[in-house]
Each structure stands twice: as structure tokens, then as C-alpha cells.
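Participant: Got a structure here, written out as C-alpha cells. Questions coming.
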Amino acid sequence: MIRINELSKSFGDKRAVDRLTMSVDPGEILGFLGPNGAGKSTTVKILTGLLRPDSGSASVAGFDVLISPLEAKRRLGYVPEQPIIYDTLTGDEYLDLVGSLHHLEPASAKQRRAELLELFGLGDAKHQQIQEYSKGMRQKVVIASALLHRPEVLILDEPLDGLDANTALVMKELLRQLAAQGRTIMFSSHILEVVERICTRIVIIDKGRLVTQGTSAEICAASGVASLDEAFARLTGVRDAGLVTADLLSALERA
Numbered sequence: 559m560i561r562i563n564e565l566s567k568s569f570g571d572k573r574a575v576d577r578l579t580m581s582v583d584p585g586e587i588l589g590f591l592g593p594n595g596a597g598k599s600t601t602v603k604i605l606t607g608l609l610r611p612d613s614g615s616a617s618v619a620g621f622d623v624l625i626s627p628l629e630a631k632r633r634l635g636y637v638p639e640q641p642i643i644y645d646t647l648t649g650d651e652y653l654d655l656v657g658s659l660h661h662l663e664p665a666s667a668k669q670r671r672a673e674l675l676e677l678f679g680l681g682d683a684k685h686q687q688i689q690e691y692s693k694g695m696r697q698k699v700v701i702a703s704a705l706l707h708r709p710e711v712l713i714l715d716e717p718l719d720g721l722d723a724n725t726a727l728v729m730k731e732l733l734r735q736l737a738a739q740g741r742t743i744m745f746s747s748h749i750l751e752v753v754e755r756i757c758t759r760i761v762i763i764d765k766g767r768l769v770t771q772g773t774s775a776e777i778c779a780a781s782g783v784a785s786l787d788e789a790f791a792r793l794t795g796v797r798d799a800g801l802v803t804a805d806l807l808s809a810l811e812r813a
């Protein structure tokens, strides 16, 4: 599970996260939404131990990320929006490195990474250097590395980016099955249609604060609109898409 209580983080005079309180329970796929600059990335970086909060607390699988950071990380799988991986390693070597960092037993780790590489269609490319991989293949390796140690909690930031349609379908079904096993999944994406289809609950934040939470249907009903896109725009103060388009067309005509 994930627990966040009164979490705050500032960068100079800018408050990125402002007394945020939220949770994600086992068996949930939580859609974590917000416009650019809303504080999503900062929140995720605090949960994964990449940033320290100014105040408040956060825990992963029952372990405070400041008091017991290693225990929290042992139970966490993370797919960042812009992953950095070692290009000169092969796909198999990279997963071997990740397994070693998690202190996995070598024989079972070898079998596990072979299974994941096959699952993601990388069996024939496992001995190629990652620098030779396409964007989608690199994303598959990153996802496999997040799943390798069978984490209790998954934090996924734009995990479908670069994946082909077939792999995206496999990934969506995999997330549903992992949630059914009792895993805790936090899913952040700007593609609201995907969030609407696979997430069991949604949290929307803006300016570092929680704006609303609930199912897609509950959020739409409370906002008095028919779609999650419209609710998101209304709740976060985004300008009407039609007006923005009209202004852009007008500007292009003047240019």
C-alpha cells in the first residue's frame, strides 16, 4: 500500500506539493492525474526516495520512505517517465544487474528474467546491446526490471509510452492481474482514455493539492460533465480545447 500524509515540498519560492494526503490500497490501480507542474513527479520522486519532503510523511508497503528507505525500495517497482539505463549492456545483462541489486538468488533470477524477456517479445534480442534497441524495446526492458523482484507496490509513470498496440494490451491485462493478486499500483499518465479504462480509482491534483478523487463516473457526475477529459479540464482550470484551437488557428493565420 501507499500512504501519504500532509506531504509538502518546495523548490525555492515554489510549492510543488502542498500538504497532500492520499492513499493507494492493495488491489487498486490508482490513476494519478494532474496538469503539467501539478506536483505529480515530485510526489513520485519522494515515494521512490529520489527527493526528501520538507514536511509530512510517505510510506510504501508499510515502511516510511525516510525512516526505512531500503525496506521501502525492496518492495517497490518503478517505471519512470524518462528512464536512464546502461546502453552498453545487453537486455539480459541489465536485468541481471537489477537482480543483483535486489539480492535475488542467481538461479531463480536467471529464470525470472528469461520469462520476462520472452513475455515482452525480447527473447531473440536479449544478447543485443540496449543501444541497438528501439524506444519500445527499451521501455519493455525498463518494465521488466520493475517486475523482476515481484514487488508489492508498482509506481508507473507513462508506462505505455513507446509500446506497440499488442504489447500495450498485454501490459494492461498484466496490471489487472497483478492488482487481482493484491499488488498496489499507482499509474500516472496524460492519456486519460487509458486511465479511464484500466484504473479502479482516480486522484487528480493541481498546484500540489488534491482536487478530487473517486471513480471516473463519480468524478464526472460531481463535475456535471460527460467525460473524464471535460472533468479534468474543469477541475484544473484548463482552457476549453475549442477556444484554444480557435486562438491557435487565428495566430497561424496572422503569421
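Numbered continuously in the numbering used here, the sequence shown closes out at residue 813.
Here a beta-carbon is modelled for each residue, glycine too, at the ideal position from N, C-alpha and C.
May I have the straight-line CA-CA distance separating A780 from L732, to the nearest angstrom?
Facilitator: Computed Cα separation, rounded: 31 Å.
Participant: I'd like to know whether the C-beta atoms of R696 and I642 end up nearer to each other than 8 Å.
Facilitator: No. Outside cutoff.
Participant: Would P664 be called buried (16 or more neighbouring beta carbons within 10 Å of its own) or exposed?
Facilitator: That one is exposed.
Participant: Which of the three DSSP states is assigned to D764 in this structure?
Facilitator: Note: D764 maps to strand in three-state DSSP.
Participant: Relative to the C-alpha of Q735, which residue among M559, D571, E586 and K572 is closest?
Facilitator: Closest by alpha carbon: E586.
Participant: Hey, how far is the Cα of C778 from the Cα of I760?
Facilitator: Using only the alpha carbons, I get a separation of about 11 Å.
Participant: Compare the Cα-Cα distances from K603 to each of M744, L653, E811 and L768 and report the closest residue.
Facilitator: Looking at the Cα atoms, M744 is the closest of the given residues.
Participant: Taking the alpha-carbon positions, what's the A738 to T601 distance?
Facilitator: Each residue's Cα considered, the two are about 25 Å apart.
Participant: Whose CA, out of A619, G740, Q640 and I625, lies closest to the CA of R632?
Facilitator: It is A619.
Participant: If you measure from the CB of I587, is any heavy atom of the ligand FMN nearer than 7 Å?
Facilitator: The ligand content of the structure shown is nil, which means the ligand FMN is not present either.
Participant: How would you write the range of the beta strand (DSSP E) that M580 sits in, first residue to last?
Facilitator: Taken as a continuous stretch (DSSP letters only), the beta strand (DSSP E) holding M580 covers K572 to V582.
Participant: Confirm, please, whether the CB-CB distance from L675 to A702 is below 8 Å.
Facilitator: Taking 8 Å as the Cβ cut-off, A702 and L675 qualify as a contacting pair.
Participant: Would F678 pass as a contact of K693 if the rule is Cβ separation under 8 Å?
Facilitator: No, Cβ-Cβ distance for F678 and K693 is not below 8 Å.
Participant: Once you ignore the five residues that flank Q686 on each side, which residues in its own chain have a CB closer than 8 Å to its CB?
Facilitator: Excluding residues within five positions, the ones whose Cβ falls inside 8 Å are T648 and G649.
Participant: For I756, tell me which candidate among L628, L588 and P709 has the shortest Cα-Cα distance.
Facilitator: If we check each option's Cα against that of I756, L588 comes out closest.
Participant: Compute the distance between the beta-carbons of G740 and L578, then report whether it is under 8 Å.
Facilitator: Their beta carbons are not under 8 Å apart, which means G740 does not touch L578 by this criterion.
Participant: How many Å lie between N563 and D715 at the Cα?
Facilitator: Answer to the nearest angstrom: the Cα atoms are 21 Å apart.
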